[in-house]
Amino acid sequence: VLRGDDKLAFVTELFDVVAESYDRLNDFISLGAVRFWRWWALLDAFARGSRVLDVGCGPGNVTAYCMYTHLTHMAIDCTGVDCSGKMLELARRRCPGATFVKGDAGALDECGIESDAYDVVTTVYTLRNFPDLERALGEMYRCVKPGGKVFVLDAFPPRGAFAWLLRLWLTFALPAIGWLLTRNSKPYAYLANSIQKTATADEVKAMLESFGAERASVQNYWPFGAAAKVVAYKPAL
901 VLRGDDKLAF
911 VTELFDVVAE
921 SYDRLNDFIS
931 LGAVRFWRWW
941 ALLDAFARGS
951 RVLDVGCGPG
961 NVTAYCMYTH
971 LTHMAIDCTG
981 VDCSGKMLEL
991 ARRRCPGATF
1001 VKGDAGALDE
1011 CGIESDAYDV
1021 VTTVYTLRNF
1031 PDLERALGEM
1041 YRCVKPGGKV
1051 FVLDAFPPRG
1061 AFAWLLRLWL
1071 TFALPAIGWL
1081 LTRNSKPYAY
1091 LANSIQKTAT
1101 ADEVKAMLES
1111 FGAERASVQN
1121 YWPFGAAAKV
1131 VAYKPAL
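Just so you know, the sequence shown maps onto residues 901 to 1137 in this note's numbering.
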């Protein structure tokens, strides 16, 4: 199991390779569910004039949602951080009005991200890629303002009576489809394996509470527990 700098290097190279096809393949493989979950979960995530930090921003999907969809009139200021230079190139083209910074989710201070500076800190479909999940969540909590919130939306290990169906899809269908479409199954084999081995939504909630977060909650979006939203607030001063 890769951790630390080895995992950071692996993930950076992996997402540099798949950057151009990332959105298209995610839509196809999830039958559009990824896009829907993101849209639905973010509907009430931000208030007018919010300052938002998107950790693991990828090609700028959350930033684009904040700035150019139904939230355009809300004047949201968004900063995205990602380890993949190729992903950031796409994000900058998609969202020229936003700020994007190359960096490690577990060391946001090293790329100039200040403490207590953001109304909302988001991370969407990223947890499995962090070299050190607890450290990354701690950094996100550090950066959110008192009274602000950490917002997590992700795919989590399947659970429930029919979870085996999703495991079958992840283990066999996902890499096969990736190979058919790109002749490269490695990124999708990693995706399938990492989803099944990442922390559960309840474990993410517990980590945030261990940093002092309050009003932490989990909302599931799929019967197998395959997607869930975790929201936790930093106590107001």
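From the three backbone atoms N, C-alpha and C, an ideal C-beta is built for every residue, glycine too.
Rounding to the nearest angstrom, what Cα-Cα distance links residue i and residue j in this structure?
i, j, result
"Val-1131", "Ala-945", "9 Å"
"Asp-1102", "Lys-1129", "10 Å"
"Met-987", "Gly-1012", "19 Å"
"Tyr-1088", "Phe-915", "11 Å"
"Val-1052", "Leu-908", "20 Å"
"Glu-989", "Val-952", "19 Å"
"Lys-1049", "Tyr-922", "28 Å"
"Val-1044", "Tyr-1133", "9 Å"
"Tyr-965", "Asp-1019", "16 Å"
"Ala-1036", "Ile-1077", "31 Å"
"Thr-1100", "Asn-1093", "14 Å"
"Asp-977", "Ser-950", "6 Å"
"Met-967", "Arg-948", "11 Å"
"Val-981", "Leu-1080", "31 Å"
"Phe-1000", "Leu-1068", "37 Å"
How should residue i be labelled, buried or exposed, when 16 other C-beta atoms within 10 angstroms of its C-beta is the threshold for buried?
i, result
"Asp-906", "exposed"
"Leu-1113", "Here the sequence assigns Ala to residue 1113, which means Leu is not the residue at that position. By the neighbour-count rule (16 or more Cβ atoms within 10 Å), Ala-1113 is buried."
"Asp-1016", "exposed"
"Thr-1098", "buried"
"Gly-958", "buried"
"Glu-1014", "exposed"
"Gly-956", "buried"
"Ala-879", "Limits of the chain in this structure are 901 at one end and 1137 at the other, which puts residue 879 out of reach."
"Ala-1127", "buried"
"Ala-919", "buried"
"Gly-1047", "exposed"
"Ala-998", "buried"
"Ser-984", "buried"
"Gly-904", "exposed"
"Leu-931", "exposed"
"Glu-913", "exposed"
"Ala-1136", "exposed"
Mind checking who residue i pairs with in its DSSP beta bridge?
i, result
"Phe-1051", "Thr-1022 and Val-1131"
"Arg-951", "Asp-977"
"Asn-1120", "Ala-1128"
"Asp-982", "Lys-1002"
For residue i, which of helix, strand or coil comes out of DSSP?
i, result
"Cys-1043", "helix"
"Glu-1014", "coil"
"Arg-903", "coil"
"Phe-1056", "coil"
"Asp-1032", "coil"
"Arg-1115", "strand"
"Ala-1099", "coil"
"Lys-995", "In the sequence as displayed, the identity of residue 995 is Cys instead of Lys. Reduced to three states, the DSSP call for Cys-995 is coil."
"Phe-946", "coil"
"Arg-1083", "coil"
"Cys-957", "coil"
"Gly-932", "coil"
"Ala-964", "helix"
(request) Please confirm if the stretch 992-1008 is in contact with the stretch 932-951, defined as three or more CB-CB distances below 8 Å between the two stretches. (result) Contact between the stretch 992-1008 and the stretch 932-951 is absent, because fewer than three Cβ pairs lie under 8 Å.
(message) For the stretch 990-1007 against the stretch 1024-1031, do three or more pairs of beta-carbon atoms, one drawn from each stretch, fall closer than 8 Å, so that the two count as touching?
(response) Output reads yes: the stretch 1024-1031 touches the stretch 990-1007.
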